[in-house]
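Colleague: Sequential numbering of the sequence shown, starting at 1, is according to the UniProt record's numbering.
Each residue gets a CB set at the ideal place from its N, CA and C atoms; glycine is no exception.
Every value quoted in this text rests on a predicted model; they were computed, and no experiment measured them.
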Amino acid sequence: MQFPTGLKRPDISIFCREPSEEEQDSALTMIPEAVIEVVSKGYEAKDLEIGSPFYLSQGVKDVVVFDPLTFMVLHVRKDRTTRQVSPVVIDLECGCQVLV
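#1: Rounded to whole angstroms, what is the Cα-Cα separation between Lys8 and Cys16?
#2: Taking buried to mean at least 16 other C-beta atoms within 10 Å of its own C-beta, is Ala34 buried or exposed?
#3: Shortest alpha-carbon distance to Cys96 belongs to which of Ser26, Pro32, Gly42, Gly6?
#4: Quick one: grab the DSSP three-state call for Leu69.
#5: Out of Ser57, Ser52, Ser26, state which residue places its alpha-carbon closest to the alpha-carbon of Val73.
#6: Within its chain, find whatever has a CB closer than 7 Å to the CB of residue 103; leave out the 5 residues flanking it on each side and keep chain order.
#7: Between which residues of its own chain and Val38 is the CB-CB distance below 6 Å, once the five residues before and five after are set aside?
Written out as structure tokens, the structure reads:
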């Protein structure tokens, strides 16, 4: 996915509209409403500390990070961060809900 300041491939991206055929022919430039990242072994620091600030700086409104080893769910917005334990329903700013 092509963000204004670089390429990044979130595990899951949530959009409010479907990309056009032209947009699907190359790296997407649409900014997702939310992204969900699953913490990978060996990439914990990247997934927990680097990804969220990057996505928020690009205009993503909600970043959800799930650690499958601890069941920790981190929900990050520009104005707050919450830490919960899975399973949990998260209300996204776009009006959608996700069950993590």
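Modeller: In this structure, then:
#1: So the two alpha carbons sit approximately 19 Å from each other.
#2: Residue environment analysis places Ala34 among the buried positions, since at least 16 neighbouring C-beta atoms fall within 10 angstroms of its C-beta.
#3: Residue Pro32 is the option with its Cα nearest to Cys96.
#4: Note: Leu69 maps to coil in three-state DSSP.
#5: Minimum Cα distance to Val73 is reached at Ser52.
#6: As shown, the chain starts at 1 and ends at 100. That puts residue 103 outside it, with no answer to give.
#7: If the five residues before and after Val38 are omitted, its C-beta is found closer than 6 Å to the C-beta atoms of Asp11, Phe66, all from its own chain and listed in chain order.
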